[in-house]
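Remarks on the structure that follows.
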Amino acid sequence: MTYGIGRSRTRFVVLALLSLVLMGLDTYTDSLKQTRPIVGLIVVPVHLVAMIPALILTQANALPFDVARLQQDYQALKEHRLLLNSRLQRLEAIEAENDRLRSLLSATGYTPDEVLLAEVVQVNVDPYSRTLLINRGTVEGVYEGQAVLDANGLLGQVVRSGVFRSTVALITDSSQAIPVMSVRSGLHVLAYGTGQGNALTVPFLEPTANLREGDVLVTSGLGQRFPKGYPVARVTQVVSSLEESFLRVTALPLAQLDSISELLLLWPAKPVVPSDISPKQDPSSG
Amino acid sequence: MVRIGYAGKRWWVIALSFFLALCFSVMELGPMWALWAPDWISLVLIYWCLAVPMRVGVGVGWTMGLLLDVATFGLIGRLALTKALIAYIAQRFALRLRAFPVWQQACAVFLLLGMEALIITLLALMMGESDAGRPGRWVAVLIGAVLWPVIFISLRRMRRWARLP
Chain X
1 MTYGIGRSRT RFVVLALLSL VLMGLDTYTD SLKQTRPIVG LIVVPVHLVA MIPALILTQA
61 NALPFDVARL QQDYQALKEH RLLLNSRLQR LEAIEAENDR LRSLLSATGY TPDEVLLAEV
121 VQVNVDPYSR TLLINRGTVE GVYEGQAVLD ANGLLGQVVR SGVFRSTVAL ITDSSQAIPV
181 MSVRSGLHVL AYGTGQGNAL TVPFLEPTAN LREGDVLVTS GLGQRFPKGY PVARVTQVVS
241 SLEESFLRVT ALPLAQLDSI SELLLLWPAK PVVPSDISPK QDPSSG
Chain W
287 MVRIGYAGKR WWVIALSFFL ALCFSVMELG PMWALWAPDW ISLVLIYWCL AVPMRVGVGV
347 GWTMGLLLDV ATFGLIGRLA LTKALIAYIA QRFALRLRAF PVWQQACAVF LLLGMEALII
407 TLLALMMGES DAGRPGRWVA VLIGAVLWPV IFISLRRMRR WARLP
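Chains as they are written, first to last, in this note's numbering: chain X, 1 to 286; chain W, 287 to 451.
So this is what it looks like as structure tokens:
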């Protein structure tokens, strides 16, 4: 009944060193990023089996138990659709006009971005980190750095993509910073996530900066990570005090960050090229 | 190694139990439960290290940890390290721990899981992860230790059915 204590000790030391090397590689280089999807294929059956209980539960929930409520929902949706349709008509006219003007300016044409609906699988309710797990992965073409929206504005970006699952960091996560511009003044700033509550902050703004309460901030497309023109936040507070050399600016995200169940993954129609953000076109979008 | 002794033994039961534990680990239990879910892989690993230390040990622990790293989108190598350490200690004290009553084993399991949580927290702090000090991790350790008798009895039944030593 001997199973080699000494042998298992050397094996442990070797494997421990190997794990440390792997951790170092994963943290400081991208070399494991390419192997991750391949190794991920091994655990695909695990994810498939683990999905079964949730599938059964959602199927059971989807059964139409309450006809009256369904009718009520249907009526509300119908009215909402009518409202949206009327707005869409106006937008289509504006879009056509915009295209015509752009072609006159011989600027690059506008094609709509592609989106895909995703569902939230798991929410990290930790007070300092704002991340979600969603049910889309590299199978659907999700990539790291991809922008994620809801119906009202930018939610965040994909920070890790697996085969079937991806992790999304919300814009309020303390690790996030988004290049934005004010719609009113065209001022380019960086909005930082605070990790505390549902708020963004814009640091290092001089007291003379043209930013007011109520300004809507949209993505500026600078940094080439987020496509241009998606609404991000509304400025709620601009405090200037004599003790501080910078303005204290707080902005509230337009996306409903506290009640996310569905979100949209965004594929920009074309890569954001620097020529797109030349000063000539700024007034037209500002 | 005597080959004849292994005839008729269903060793694949061990692989099956690890597969089920992996499934439990990635299962969607809703946001509240996910934070407190015990580490199923660690519990199953400790059981097999105590029951068949000549078959399940550091190598199996490391491999399962690596698979869990990949399945949960974590930092690669971190859980592999902690699982290898758990397997090493459990294997080392297998003969002694096996003689203990189940509730004393649960105390040992509590210490092992606590050690793992401590290492993970320290590594997360070193990597500057924002959720390094989340309290749910320690609740999960306690839940894991409380669940040990259940794991122990069900896996022992499985082991006897499979005619493993």
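Ideal placement from N, C-alpha and C gives every residue a C-beta, glycine not left out.
task: Scan the segment 168 to 204 of chain X and note each continuous alpha helix (DSSP H) run of 4 residues or more that stays entirely inside, going in chain order.
output: none
message: In whole angstroms, give me the CA-to-CA distance for X:ASN85 and X:SER174.
response: 38 Å
- prompt: Do the segment 343 to 351 of chain W and the segment 13 to 20 of chain X meet, that is, are 3 or more Cβ pairs less than 8 Å apart?
  reply: yes
- prompt: If you run the structure through DSSP and keep just helix, strand and coil, what is W:ARG384?
  reply: helix
First and last residue of the uninterrupted beta strand (DSSP E) at X:GLN146: Element bounds for X:GLN146: n/a, residue is neither H nor E.
query: DSSP state of X:SER245, grouped into three classes?
result: coil
Within chain W, partners of X:ALA16 - CB distance below 8 Å: LEU367, ALA370, LEU371
message: Could you check whether the Cβ of X:PHE12 sits closer than 8 Å to any Cβ belonging to chain W?
response: yes
message: With a threshold of 8 Å on Cβ separation, who are the neighbours of W:ILE406 within its own chain once the five nearest residues in sequence on each side are excluded?
response: ARG364, LEU365, THR368, ARG423
- prompt: Nearest to W:TRP326 by CA position, among W:LEU399, W:LEU409, W:MET444, W:ALA448, is which residue?
  reply: W:LEU399
query: Based on the DSSP secondary-structure assignment, which residues constitute the bridge partners of X:ILE134?
result: X:VAL120, X:SER166
field: Interface residues of chain X facing W:TRP348 [CB-CB closer than 9 Å]
entry: ARG11, PHE12, LEU15, ALA16, LEU18, SER19
query: Name the chain X residues that come within less than 7 Å of W:CYS393, Cβ to Cβ?
result: Chain X residues near W:CYS393: none, gap ~23 Å exceeds 7 Å.
- prompt: Does any residue of chain X bring its CB to less than 8 Å from the CB of W:MET444?
  reply: no
query: Does the Cβ of W:ARG449 have 16 or more other Cβ atoms within 10 Å, making it buried, or fewer, making it exposed?
result: exposed
CB contact below 8 Å: X:GLY141 versus chain W: no
- prompt: Run through DSSP, which three-state label would X:LEU266 get?
  reply: strand
query: In the DSSP assignment, what residue or residues form a beta bridge with X:GLU114?
result: X:TRP267
field: Local Cβ density within 10 Å of W:ILE290, reported as buried at 16 or more and exposed below that
entry: With a pLDDT of 46 at W:ILE290, under the threshold of 50, the modelled position of this residue cannot be trusted, and the question is left open.
- request: Alpha carbon to alpha carbon, how far is X:ASN135 from X:LEU32? Give it in angstroms, no decimals.
  value: 22 Å
message: Rounding to the nearest angstrom, what Cα-Cα distance links X:LYS45 and X:GLN256 in this structure?
response: In the sequence as displayed, the identity of residue 45 of chain X is Pro instead of Lys. Roughly 34 Å separates the two Cα atoms.
message: Can you confirm whether the segment 203 to 210 of chain X touches the segment 218 to 237 of chain X when touching is taken to mean that 3 or more C-beta pairs between the two stretches lie within less than 8 Å?
response: no
- request: Please report how far the alpha carbon of W:SER328 lies from the alpha carbon of X:VAL121, in whole angstroms.
  value: 24 Å
- prompt: Any idea if W:CYS393 is buried or exposed, counting beta-carbon neighbours within 10 angstroms, 16 or more meaning buried?
  reply: exposed
Span of the alpha helix (DSSP H), counted from its first residue to its last, around X:PRO236: Note on residue identity: the sequence assigns Thr, not Pro, to residue 236 of chain X. Note, X:THR236: premise wrong, no alpha helix (DSSP H); beta strand (DSSP E) at 231 to 239.
- prompt: Alpha carbon to alpha carbon, how far is W:LEU381 from W:ALA357?
  reply: 32 Å
- prompt: How is the alpha helix (DSSP H) around W:LEU354 delimited, first residue to last?
  reply: 344 to 357
field: Between the CA atoms of W:GLY360 and X:PRO37 - distance to the nearest angstrom
entry: 13 Å
query: What does X:PRO179 reach in chain W if we use C-beta pairs closer than 7 Å?
result: Near X:PRO179 there are no residues of chain W at all, since even the closest Cβ is about 22 Å away, more than 7 Å.
message: Check whether the segment 192 to 201 of chain X and the segment 381 to 391 of chain W touch, using three or more Cβ-Cβ pairs below 8 Å as the test.
response: no
query: For W:PRO421, which option in W:ARG384, W:TRP322, W:PHE310, W:LEU302 has the closest C-alpha, if you only look at C-alpha atoms?
result: W:TRP322
- prompt: Any idea which residues DSSP pairs X:GLY156 with across the strands?
  reply: X:VAL148, X:LEU170
query: By Cβ distance, which residues of its chain are closer than 7 Å to X:VAL216, with the 5 residues on each side in sequence left out?
result: VAL183, PRO231, ARG234
- prompt: Under 8 Å between C-beta atoms, does W:ARG384 make it to chain A?
  reply: The structure shown contains no chain A; its protein chains are X and W.
message: Helix, strand or coil for X:LEU217? Go by DSSP, reduced to three states.
response: strand
field: Cβ-Cβ separation, X:GLY162 to X:GLY137 (assumed contact under 8 Å), whole Å
entry: 5 Å
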